[in-house]
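Student:
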Amino acid sequence: MENSDTQGLSGKVALITGGTTGIGRATAELLQRAGARVIVTGRNPETLASARRELPEDVLVLEADARSLSDATRLAAEVERRFGRLDILFLNAGIAQLAAFEAVTEAFYDEHMDVNVKGVIFTLQKLLPFLFSGSSVIVNTSVADQRGTSAMSIYSATKGAVAALVRSLAVELAPRGIRVNSVSPATILTPIQAKFGLPPEVAAQTAAHYSARIPLARFGAAEEVARTVLFLASPAASYITGVELPVDGGLSIS
Ligand SMILES: NC(=O)c1ccc[n+]([C@@H]2O[C@H](COP(=O)([O-])OP(=O)(O)OC[C@H]3O[C@@H](n4cnc5c(N)ncnc54)[C@H](OP(=O)(O)O)[C@@H]3O)[C@@H](O)[C@H]2O)c1
Numbered sequence: 402m403e404n405s406d407t408q409g410l411s412g413k414v415a416l417i418t419g420g421t422t423g424i425g426r427a428t429a430e431l432l433q434r435a436g437a438r439v440i441v442t443g444r445n446p447e448t449l450a451s452a453r454r455e456l457p458e459d460v461l462v463l464e465a466d467a468r469s470l471s472d473a474t475r476l477a478a479e480v481e482r483r484f485g486r487l488d489i490l491f492l493n494a495g496i497a498q499l500a501a502f503e504a505v506t507e508a509f510y511d512e513h514m515d516v517n518v519k520g521v522i523f524t525l526q527k528l529l530p531f532l533f534s535g536s537s538v539i540v541n542t543s544v545a546d547q548r549g550t551s552a553m554s555i556y557s558a559t560k561g562a563v564a565a566l567v568r569s570l571a572v573e574l575a576p577r578g579i580r581v582n583s584v585s586p587a588t589i590l591t592p593i594q595a596k597f598g599l600p601p602e603v604a605a606q607t608a609a610h611y612s613a614r615i616p617l618a619r620f621g622a623a624e625e626v627a628r629t630v631l632f633l634a635s636p637a638a639s640y641i642t643g644v645e646l647p648v649d650g651g652l653s654i655s
């Protein structure tokens, strides 16, 4: 992609939560190439270090735990100090572990809700003072919020919660000229699959099961979600708010 501002992103300030790996990282690279000034957050010291090493030098990599309100407050202060505003906010940080419903513990529930729901809510709330008319918020939901998937009840519930949040905030923030949308991926190859906690043979069976049901007959790449985020963030999507856009090779309609 050229940096000729064909997407209208030159000089825009973009923050991506969970931008150290996977979809968030691919989005950071794409937005940076499109001319945006990019900030990414993460929590794990190892992935933070590799992101600092491997992302372009002008991408700012900050430690901020999505579960922590004080980290969100600190992040907002950093954005204010360095840039004074935010044009694009991609609320992407998320976790997904599989558990049969009977095996769900309070700690498992709290961890998923804290990262996937509370993190989205309070990161947006603390950054909202720096989002002005024309800015774009994109939440990473999941096809799992529409489709029943065994062992994914808690994860699906977290994504359903933020999908509902997107619709409400799209209406509430529209008078301020802020658009709020979501991307809804499925079967995108990222480090998340290795974190499901499945034994390798079960992971292979699950992958085969999903591949057979995807109309486009392949898993997706993080870059393919990144391109959708770029579209929703750009002036090309200026009349789009409150939508949940699947990026799933057709899985959700098959
Ligand atoms: N891959 C898919 O097929 C798929 C499908 C549907 C939805 N999604 C959604 O896409 C988003 C990104 O997932 P991915 O597939 O790209 O997986 P990933 O590579 O595991 O990325 C997750 C990102 O979130 C960050 N993160 C996790 N917990 C965090 C916390 N407490 N505070 C700050 N950052 C935290 C991770 O950073 P650390 O390394 O620091 O933990 C990492 O940067 C998630 O919301 C996921 O639910 C993915």
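For the sequence shown, the working numbering assigns the number 655 to the last residue and increments by one with no breaks.
Cβ atoms here follow ideal geometry from the backbone N, Cα and C, with glycine treated the same way.
None of the values given here were measured: they were computed from a predicted structure.
When the Cα atoms are used, what is the spatial distance from E403 to T448?
Tutor: In this prediction, E403 has a pLDDT of 46, which is less than 50 and means its spatial position is unreliable; nothing more can be read from the coordinates.
Student: Could you tell me which residues DSSP puts in a beta bridge with E464?
Tutor: According to DSSP, E464 bridges with G443.
Student: Between which two residues does the alpha helix (DSSP H) carrying S534 extend?
Tutor: No alpha helix (DSSP H) holds S534; the beta strand (DSSP E) holding it covers 532-541.
Student: With a floor of 4 residues, list each alpha helix (DSSP H) that falls wholly inside the segment 444-514, ordered by position along the chain.
Tutor: Whole alpha helix (DSSP H) segments, 4+ residues: 446-455, 470-483, 507-514.
Student: Measuring CB to CB, does L456 end up less than 9 Å from V462?
Tutor: The answer is yes: Cβ separation under 9 Å.
Student: With burial defined as no fewer than 16 other Cβ atoms inside 10 Å of the residue's Cβ, what is the status of G420: buried or exposed?
Tutor: So G420 ends up on the buried side.
Student: Hey, is the segment 558-566 in contact with the segment 623-635, meaning 3+ C-beta pairs nearer than 8 Å?
Tutor: In short, these stretches do not touch, since the Cβ pair count stays below three.
Student: Closest to V534 by CA distance: which of T428, R614, D488 is it?
Tutor: In the sequence on display, residue 534 carries Ser and not Val. It is D488 whose Cα lies nearest to the Cα of S534.
Student: If you reduce the DSSP assignment to three classes, tell me which class I424 lands in.
Tutor: Three-state DSSP puts I424 in a helix.
Student: Helix, strand or coil for L590? Go by DSSP, reduced to three states.
Tutor: Strand.
Student: What distance in whole Å lies between the Cβ atoms of T559 and A467, which are believed to be in contact at a cut-off of 8 Å?
Tutor: Actually they do not touch by this definition, with Cβ atoms about 12 Å apart.
Student: Would you say the beta carbon of Y556 is closer than 8 Å to some non-hydrogen atom of ligand 1?
Tutor: Flag set: Cβ of Y556 near ligand 1.
Student: Of all the options L590, L528, A501, which has the alpha carbon lying nearest to the alpha carbon of V648?
Tutor: The candidate whose alpha carbon is nearest that of V648 is L590.
Student: In this structure, how does DSSP classify M402 when only helix, strand and coil are distinguished?
Tutor: Low local confidence applies: a pLDDT of 45 at M402 is under 50, so the model's placement there is unreliable, with the coordinate-based value given in what follows. Coil.
Student: Going by other Cβ atoms of all chains shown within 10 Å of its Cβ, with 16 needed for buried, is Y556 buried or exposed?
Tutor: Buried, by the Cβ-count rule.
Student: Could you compute how far the alpha carbon of A571 sits from the alpha carbon of T642?
Tutor: Straight-line Cα distance between these residues: approximately 6 Å.
Student: Work out the CA separation of M553 and A545 for me, nearest whole Å.
Tutor: Taking the straight line joining both Cα atoms gives about 8 Å.
Student: Out of Q606, L646, R548, S537, which one is the CA nearest neighbour of S639?
Tutor: That would be S537, whose Cα lies nearest to the Cα of S639.
Student: So for V581, helix, strand or coil by DSSP?
Tutor: Residue state, collapsed to three classes: strand.
Student: Can you have a look at Q433 and say buried or exposed, based on whether 16 or more other CB atoms are within 10 angstroms of its CB?
Tutor: It counts as buried.
Student: Straight-line CA distance for A575 to A605?
Tutor: About 44 Å.
Student: Comparing the CB of P592 with every heavy atom of ligand 1, is any distance shorter than 8 Å?
Tutor: Yes - ligand 1 has a heavy atom lying nearer than 8 Å to the Cβ of P592.
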